[in-house]
Amino acid sequence: QAAPTNFFRGNVNTACGSATSDVGPFYCPGDAEVYVDLSFFQELQSRFGAQGGTFVEAYVLAHEYGHHVQNLLGTSDRVRTRRGPTSDAVRLELQADCYAGVWANHATTTPNASGQPLIKNITQDDIRRALDAASRIGDDFIQRELGGGRVDQSQFTHGTSAQREKWFTTGIQSGNPANCDTFRASNLG
Numbered sequence: 001q002a003a004p005t006n007f008f009r010g011n012v013n014t015a016c017g018s019a020t021s022d023v024g025p026f027y028c029p030g031d032a033e034v035y036v037d038l039s040f041f042q043e044l045q046s047r048f049g050a051q052g053g054t055f056v057e058a059y060v061l062a063h064e065y066g067h068h069v070q071n072l073l074g075t076s077d078r079v080r081t082r083r084g085p086t087s088d089a090v091r092l093e094l095q096a097d098c099y100a101g102v103w104a105n106h107a108t109t110t111p112n113a114s115g116q117p118l119i120k121n122i123t124q125d126d127i128r129r130a131l132d133a134a135s136r137i138g139d140d141f142i143q144r145e146l147g148g149g150r151v152d153q154s155q156f157t158h159g160t161s162a163q164r165e166k167w168f169t170t171g172i173q174s175g176n177p178a179n180c181d182t183f184r185a186s187n188l189g
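So in the numbering used here, spot 112 of the sequence shown is number 112, and the numbers just go up one at a time.
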């Protein structure tokens, strides 16, 4: 099942409630839709210091579609603990990063509606930029660089920068979603 994608600026109402640009891109399981604030990609560069680029944007979208896959598979229903370094919420986010990597692995060979590859070529620079973005949206980076300098692992909801890089890399190198089972992984990275 496809997930409709809603692009917005400022704020949006969803089955999960209303959201503002502060939330960034997100997936709402209540309506099975992806929401992308169009200002996020500029903010990723200006506020977070990421290098950005078209493939970085594709990685972010693929991560959100990864949440749709989790919803369809029932994985989202396994989330019981919402905060902490090994919480179910962190495991869900890292799995979505891994799924984004799996997508990237197949993007140059998967045809779109007109029979052309989704992406013609993914360069090492594209991958480097995606990993750079992943490192700048880790809980530790955000808390340290944008939230006052103190890292509090008990408040983690998305994983560390290194974990986010590791799981995207796992997905893109293997191309196999079976390698993305962060719920069984004893070492998240």
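All residues carry an ideal CB built from backbone N, CA and C; glycine is no exception. Note that this is a predicted model, so its numbers are computed, not measured.
On the DSSP letters alone, give me the boundaries of the beta strand (DSSP E) that residue i sits inside.
i: residue 28; result: 26–28
i: residue 37; result: 33–37
i: residue 19; result: 17–20
i: residue 12; result: 11–14
Specify, as a first and last residue, the run of the alpha helix (DSSP H) that residue i falls within.
i: residue 161; result: 161–174
i: residue 8; result: Premise fails: residue 8 lies in the beta strand (DSSP E), 5–8, not in any alpha helix (DSSP H).
i: residue 43; result: 40–46
i: residue 134; result: 124–136
i: residue 184; result: Element bounds for residue 184: n/a, residue is neither H nor E.
i: residue 61; result: 54–73
i: residue 95; result: 88–106
DSSP three-state call for residue i: helix, strand or coil?
i: residue 79; result: coil
i: residue 111; result: strand
i: residue 117; result: strand
i: residue 23; result: helix
i: residue 150; result: coil
i: residue 156; result: coil
i: residue 178; result: helix
i: residue 143; result: helix
Is it buried or exposed, residue i, if we count other Cβ atoms within 10 angstroms and call 16 or more buried?
i: residue 40; result: buried
i: residue 182; result: buried
i: residue 170; result: buried
i: residue 95; result: buried
i: residue 44; result: buried
i: residue 132; result: buried
i: residue 111; result: exposed
i: residue 125; result: exposed
i: residue 114; result: exposed
For residue i, tell me which candidate among the options has the shortest Cα-Cα distance.
i: residue 101; options: 130, 21, 19 and 110; result: 130
i: residue 106; options: 38, 148, 62 and 82; result: 62
i: residue 73; options: 178, 186, 120 and 160; result: 178
i: residue 186; options: 71, 135 and 87; result: 87
i: residue 7; options: 165, 188, 49 and 57; result: 57
i: residue 123; options: 113, 167, 135 and 172; result: 172
i: residue 13; options: 2, 31, 3 and 1; result: 31
i: residue 69; options: 156, 189 and 1; result: 1
Between residue i and chain D, is any beta-carbon pair separated by less than 9 Å?
i: residue 76; result: Although the question refers to chain D, the structure presented lacks it and comprises just one protein chain.
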